[in-house]
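Position 7 of the sequence shown, counted from 1, bears residue number 27 in this note's numbering, the numbering being contiguous throughout.
Report on the structure given below.
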Amino acid sequence: MFNFIRLVQNENMKIFRRVGTWVMIGLLLLATVVSGLVFNNIYGDQEKDQWKEDLQKQIQQDQKMLQNDALAPNIRKQVEEEIKIKQYRIDHSIAPDKETLWGFIYDSVYLSSLIILFTIIVGGTSVAGEFSWGTIKLLLIRSASRSKILLSKYLSTLLFALAMLGCLFLFSMLVGSVFFGVSGWDSPHLMVEDGNVIEKNRILHIFGMYGLQSVDLLMMVTFAFMISTVFRSSSLAIGLAIFLMFSGNTVVSFLAIQKVEWVKYTLFANTNLSLYLEGAPLMEGMTLSFSITVLAVYFVIFNIISWIVFNKRDVAA
């Protein structure tokens, strides 16, 4: 057990000794600061006493949008729910929270897509990089089995992803405090459930979003790690993983709009679990338990492929 912990520590040291890792952390901080500047520019100058009038104007614009018969069903549903939430804010005097600390932290969760990109780069070099750099033989002459070496690399990549997610939360809190202060923590999160607007604890909702993003990260780590194990070239592994991530999400979104049934069984149709937290699944009939089951199947398949390929691969080849 101690030897395995040492293996994980060594892999973590490899990751955080690279200049590129600290560049990624710096880019994440920069992206958070830029987001803060954009949010402050958009919401900072708004008259807080006139928010009801602003929402009323937005409702009128949304109602005009609904008159368009060519509007996609999922977009129509989203607009209808937005109208209900805005009207609920007006009726119950709940001001929009975009210009608050917790509102900024909530919206900053979507910067996790940048973390996924960084994780693919780290995961893509984890195994394939050892072959590219010619260090795989030195790694395998240790007393540890191939399975333990593979697992240590997988866990270190996962720990990197979680560390980056923690950095995102910390950066968002610091930047949000500078631009928006620390007020607004008691503002509820509003969402539509069964046709009715309900209030949820804002902070618990944010932690729920981060928790679901962790599942997304877990799957992308596993996916990138499998590709890194299958291919000897780290650049090929990274490029292919990034291409599949972006093209996969685009294709899945297009097919979902076309109501293609089989698309709900694909990986990228189920990775964004935060949709369920908002009460807006990608397709009708999809549930949180369904997506978790699909992801569990992919998780097992990806890890089995990684294990078989790494243990059977001829290092001398």
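Every residue, glycine too, gets a C-beta built ideally from N, C-alpha and C.
All figures in this text were calculated on a predicted structure; none of them were measured in a lab.
Under three-state DSSP, which class holds I114? Looking at I114 - three-state DSSP - the assignment turns out to be coil, as it is neither helix nor strand.
Measure how close the beta-carbons of F124 and F200 come, nearest whole angstrom, since I'm counting them as under 8 Å. Between F124 and F200, the beta carbon gap of about 6 Å places them in contact (Cβ cut-off 8 Å).
Rank L170, L210, P116, V250 by C-alpha distance to the C-alpha of L224 and give the top, closest one. Per the Cα distances, L210.
Please return the same chain residues whose Cβ sits closer than 6 Å to the Cβ of E31, not counting the five positions on each side in sequence. Correct list, in chain order: S172, K173, S176.
When you compare the segment 291-300 with the segment 229-237, are there three or more beta-carbon pairs, one atom per stretch, that lie closer than 8 Å? Taking a cut-off of 8 Å on C-beta distances, the segment 291-300 touches the segment 229-237, as three or more cross pairs fall below it.
Taking buried to mean at least 16 other C-beta atoms within 10 Å of its own C-beta, is E101 buried or exposed? Under this definition E101 is a buried residue.
Any alpha helix (DSSP H) of 4 or more consecutive residues that is wholly inside the segment 251-299: Counting only runs of 4 or more, we get 254-277, 294-297.
Quick check: what's the CA-CA separation for A337 versus L134? With a pLDDT of 49 at A337, under the threshold of 50, the modelled position of this residue cannot be trusted; read the value that follows with caution. Across the structure, A337 and L134 are spaced so that their CA atoms are roughly 35 Å apart.
Alpha-carbon spacing of A90 relative to W282, whole angstroms: Roughly 25 Å separates the two Cα atoms.
Can you check DSSP and say which residues form a bridge with M211? M211 pairs with I218.
Any chance you could list the alpha helix (DSSP H) runs of at least 4 consecutive residues sitting entirely within the segment 44-96, in chain order? The segment 44-96 is shown to contain whole alpha helix (DSSP H) runs of 4 or more residues at 71-86, in chain order.
Verify the CB distance criterion: does L50 have a CB-CB separation below 8 Å to chain D? Checking the listed chains, one finds no chain D in this structure; it contains a single protein chain.
Neighbourhood of Q76 by C-beta, 6 Å cutoff - its chain only, sequence neighbours within 5 removed: Cβ neighbours of Q76 beyond the five flanking positions: none.
Please report the distance separating the alpha-carbon of A261 from that of E73. Across the structure, A261 and E73 are spaced so that their CA atoms are roughly 47 Å apart.
Given K18, which residues of its chain have a CB within under 8 Å of its CB, disregarding the five upstream and five downstream residues? Beyond the ends of the chain as shown, which are 21 and 337, falls residue 18; an answer cannot be given.
Can you tell which of V280, I277, G268, Q278 has the C-alpha that lies nearest to the C-alpha of T291? Minimum Cα distance to T291 is reached at G268.
Thinking C-beta only, is L131 closer than 8 Å to L50? Taking 8 Å as the Cβ cut-off, L50 and L131 do not qualify as a contacting pair.
Just confirm the distance between the C-beta atoms of T265 and F138, as a whole number of angstroms; I'd bet it's less than 8 Å. Residue 265 is actually Met in this sequence, not Thr. Not quite, the Cβ-Cβ distance comes to about 12 Å (not below 8 Å), so this is no contact.
Jot down the residue ranges of each uninterrupted alpha helix (DSSP H) in the segment 120-203, minimum 4 residues, whole runs only, in chain order. Those alpha helix (DSSP H) runs which fall completely within the segment 120-203 and span 4+ residues are 121-128, 132-146, 148-152, 156-160, 166-200.
I95 and I79 - do their beta-carbons sit closer together than 8 Å? Result no, Cβ atoms of I79 and I95 do not sit closer than 8 Å.
Residues in the same chain with beta-carbon distance under 7 Å from Q107, minus the five sequence neighbours each way, listed in chain order, please. Cβ within range, chain order: I79.
Below 8 Å, can you find three or more Cβ-Cβ pairs linking the segment 241-248 to the segment 315-332? Under the Cβ criterion (8 Å, minimum of three pairs), the segment 241-248 counts as touching the segment 315-332.
Tell me whether L308 sits in a helix, a strand or coil according to DSSP, three-state version. Of the three classes helix, strand and coil, the one that applies to L308 here is helix, per DSSP.
Quick check: the Cα distance between I110 and Q81, rounded to an integer number of angstroms? Whole-angstrom Cα-Cα distance: 16 Å.
Take I258 as the anchor and find which of V241, F180, V272 has the nearest alpha-carbon. Measuring from the Cα of I258, the nearest candidate turns out to be V241.
Three-state class that DSSP yields for L338 in the structure shown: It is not possible to answer for residue 338, since the shown part of the chain is limited to 21 through 337.
For Q278, collect the residues of the same chain with a Cβ closer than 8 Å to its Cβ; drop the 5 residues on either side in sequence, then sort them by chain order. The beta carbon of Q278 lies closer than 8 Å to none in the same chain, with the five residues before and after it left out.
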